[in-house]
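Add 1111 to the 1-based position in the sequence shown for our numbering, that's all there is to it. Backbone N, C-alpha and C define an ideal beta-carbon position, used for all residues, glycine too.
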Amino acid sequence: MRSTTWKGRCADMPAEASAAEREHLVQLARETAAALTRAMGDDGIGLTQFRSLLDACREALAVAEIFALIEYQVGRAKGKGWGAPLDGGKKAGTVVLERAKTLTDRRPGASEREKLDQLALFFGYLYRAAVAQKG
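Below, the structure written as C-alpha cells:
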C-alpha cells in the first residue's frame, strides 16, 4: 500500500514504516545529505538521482539490485559525483551505500519488499534533505 494522501515529489513513498522508523530515516537522511554536500553540484550528484533511487526501489525485486546500481554509479563516476572523495577519503556513493546497508541490516527478518520500501523512504527523505542543504 502506497501513501498518496499528500502532494509532492515523494507522495508515492510507502506508508508501512512506523513513526519511530520514519524519524530515524529522516535523521539518517539529514546526516547523509550533510556528508554529501561537497559531492553535490554542477558536476556532482544531481538531486534527481536520489529520486531515481527511490523509483528503482519501487521497481526492484531484491535489495541487491539497488546496491549494484549504487556501486555502478560509484564505479563510473571517476572522482566526481558518486565517486567524489569526502572527508575521511570515502567516495560519496560509498557513504550512501553504507548508510543504505545499515538500514537493511537492522531488519534481518524483513522481506525484500519491506527492505526495499524502507530504502525508498530513505532515498525520498535524502532527496528532500539534499534540496534543503542546497537551500
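For D1228, the enclosing alpha helix (DSSP H) has its first and last residue at E1223 to K1245. Of the residues assessed, K1189 falls on the exposed side of the cut-off, its CB having fewer than 16 other CB atoms within 10 angstroms.
E1225 has its alpha-carbon roughly 32 angstroms from the corresponding atom of D1198.
Scanning its chain for C-beta atoms nearer than 6 angstroms, with the 5 sequence neighbours on each side dropped, one finds around Q1229 the residues L1214, in chain order.
Straight through space, the alpha carbons of T1205 and A1211 are spaced by roughly 10 angstroms. Counted as a single uninterrupted DSSP element, the stretch harbouring S1129 is not any alpha helix (DSSP H), since DSSP gives it neither H nor E. Excluding sequence positions up to five before and after A1150, its CB lies within less than 7 angstroms of the CB of I1156, G1192, A1195, L1197 and A1203, all in the same chain and listed in chain order. Of L1237, G1246, E1132 and Q1244, the smallest CA-CA separation from Q1160 is found for L1237. Per DSSP, reduced to three states, the secondary structure at K1202 is strand. Taking V1174 as the centre and dropping the five residues before and after it, the same chain places the C-beta of T1215, E1223, K1226, L1227 and L1230 closer than 8 angstroms to its C-beta, in chain order.
With fewer than 16 neighbouring CB atoms inside 10 Å of its own CB, R1217 falls in the exposed class. Shortest Cα-Cα distance from H1135 to any of F1233, G1246 and P1219 involves F1233.
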